[in-house]
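All remarks here apply to the structure that follows.
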Amino acid sequence: MELRRNPTRAVRIGSITIGGGHPIAPQSMTATHTQDVAATLEQVNALHAAGAGVVRIAVDSKKDAAALPAIRAGTAANLAIDLQENYRLALEVAPHVDKLRYNPGHLYHHEPTKPWQDKVRLIADTAAANDCALRVGVNCGSVDPAKKEQFAEDDSIGPMLASALEHCSLLDSLGFTRYCVSLKDSDPQKVIEVNRRFAAERPDVPLHLGVTEAGMPPDGIIKTRIAFEQLISRGIGDTVRVSLTVANADKPQEIAAANAILADIAAGRVRSVVDYGLASLNIISCPSCSRVENEAFIDLAKQVKEMTAYAKDHAITIAVMGCRVNGPGETDDADLGLWCGPTHVNLKKRSEELGAFPYDEILPRLRGELDKLIAARTT
Ligand code: SF4
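Numbering of the sequence shown is given in my numbering, commencing with residue -10 and proceeding in unit increments.
Shown next as structure tokens:
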């Protein structure tokens, strides 16, 4: 399936370009001590070999910054630097990397009397002078306190959004447009909402997507998958990271997981019901996992696709899910839903349950309901 994409502007990061219709780039971040050049390089190169479009490295001190020339010399990966409180380190690291990420919520720590706008100007000027892109990285756990004060205590999305939009406006006014934005939360639903709202206001700005502190696989991958399915199917997202709690040697799993999720979304193998914005039939089936209750699910998903081909010009969503854990809930949003049990397949019309049928009886039942839906929409 051709995924629709928001018309974001193209932003070059070293040898790759994100946005502007370019492929969605998976990214990752090193978890080694940056000053341990050998270990960091090993991880950077492992991530690069796994297909990371960009590899991010944390730089919190001058000693970390001093390790950058040797890291740069030892890899062909596109490197990004994660600046936290000490924004001035941008001056030292920019000559050796392709992108700088700063967090608007950390700019107040150093030189508190200096306006944040002056600090951003220094970062942007440094990036421009060193052929670097920028990422404005907003994180739920470290939102600018000045922004938080302007919103109700229970509104975590408002301050994140306002902070990101404010920094975009400043960068634009400085004439620096080679930037992307990220808005991360540990709750996938909040990630979906904040990114949708941002994309509605700034469809031109490329977005880097991620669920922060997602945890260990498989749960961390599932949480991230839910957010990516809902955003990427709507054209939102230009780069992605699946953040996983895994041993250093297993970090390339983040890239493999990101690639698997992106391929599944493009093929309609999704775990939540998504709207691809198609004016035609939308058949989605879960990617399947160890919870599948009957192997016949895989064949059934294929047969549903073949049997419903006659309805290809109707904007109807049919979801086929492999188990009772997610099937009953996730099919609520589909026009017609099937979720598979050990011996029977449950048929639903949105949240209405239509019955449970043996595997060899479900296809004609589905066809009957599909015909009724088409007739109701065309009369
Ligand atoms: S619906 Fe069930 S079988 Fe399918 S991916 Fe989700 S948990 Fe696994």
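Beta carbons are placed, not taken as given, at the ideal position from N, Cα and C, and that holds for glycine.
What do you reckon, is the C-beta of N184 under 7 Å from a heavy atom of the ligand SF4? No, Cβ of N184 sits at least 7 Å from all heavy atoms of the ligand SF4.
Measuring straight from C-alpha to C-alpha, what distance separates L233 and P353? Rounded to the nearest whole angstrom, the C-alpha separation of L233 and P353 is 43 Å.
Determine the extent of the alpha helix (DSSP H) in which L327 is found, giving its start and end residues. Not the alpha helix (DSSP H): L327 falls in the beta strand (DSSP E), residues 325 to 329.
P93 versus V259 - alpha carbon distance: Distance between the alpha carbons of P93 and V259 is about 34 Å.
By C-beta, the residues closer than 6 Å to any heavy atom of the ligand SF4, given in chain order: That query returns the following residues: R260, C275, P276, S277, C278, R280, V281, M310, G311, C312, V314, N315, G316.
Report, in whole angstroms, the separation of the C-beta atoms of D87 and N67, which I expect to be a contact under 8 Å. In this structure, D87 and N67 form a Cβ contact; the two beta carbons are roughly 5 Å apart against a cut-off of 8 Å.
Please look up how many angstroms separate the CB atoms of T201 and D174, rounded, as I've assumed it's under 8 Å. Between D174 and T201 the Cβ distance is about 6 Å, and since that is below 8 Å, they are a contact.
Using DSSP bridges, identify the partner residues of S274. Secondary-structure assignment with DSSP links S274 through a beta bridge to R258, V309.
Beta-carbon contacts of V82 that lie in its chain and below 6 Å, excluding the five residues immediately before and after: Once the five neighbours on either side are set aside, the close Cβ partners of V82 are V48, A54, L57, I70.
Where does the unbroken beta strand (DSSP E) through P15 begin, and where does it stop? DSSP places P15 in the uninterrupted beta strand (DSSP E) bounded by 14 to 18.
Quick one: what's H22 bridged to in DSSP? Note: H22 sits in no beta bridge, so no partner.
Quick one, are the C-beta atoms of I60 and L30 less than 8 Å apart? It is a contact, given that the beta carbons lie within the stated cut-off.
Considering Cα atoms alone, identify which of L(-8), D321, A189, V33 is closest to C237. The sequence as given places Asn at residue 237; Cys does not occur at that position. Measuring C-alpha to C-alpha distances from N237 to each of L(-8), D321, A189, V33 identifies V33 as the nearest.
Tell me G344's beta-bridge partners as DSSP assigns them. BP columns for G344 point to L336.
Cα-Cα separation, H156 to T23: In a straight line, the C-alpha of H156 is about 28 Å away from that of T23.
Exposed or buried, what is V170 when buried is set at 16 or more other beta-carbons lying within 10 Å of its beta-carbon? By the neighbour-count rule (16 or more Cβ atoms within 10 Å), V170 is buried.
Residue nearest to S17 in terms of C-alpha spacing, selected from G40, F187, S152, H11: Among G40, F187, S152, H11, the Cα nearest to that of S17 is on G40.
Starting from L359, follow the alpha helix (DSSP H) in both directions and report where the run begins and ends. First-last of the alpha helix (DSSP H) with L359: 351 to 367.
Who does A371 pair with in a DSSP beta bridge? In the structure as shown, the chain starts at -10 and stops at 368, and residue 371 therefore has no counterpart that could be examined.
Tell me, please, which residues DSSP counts as bridged to Y265. Per DSSP, none; premise fails for Y265.
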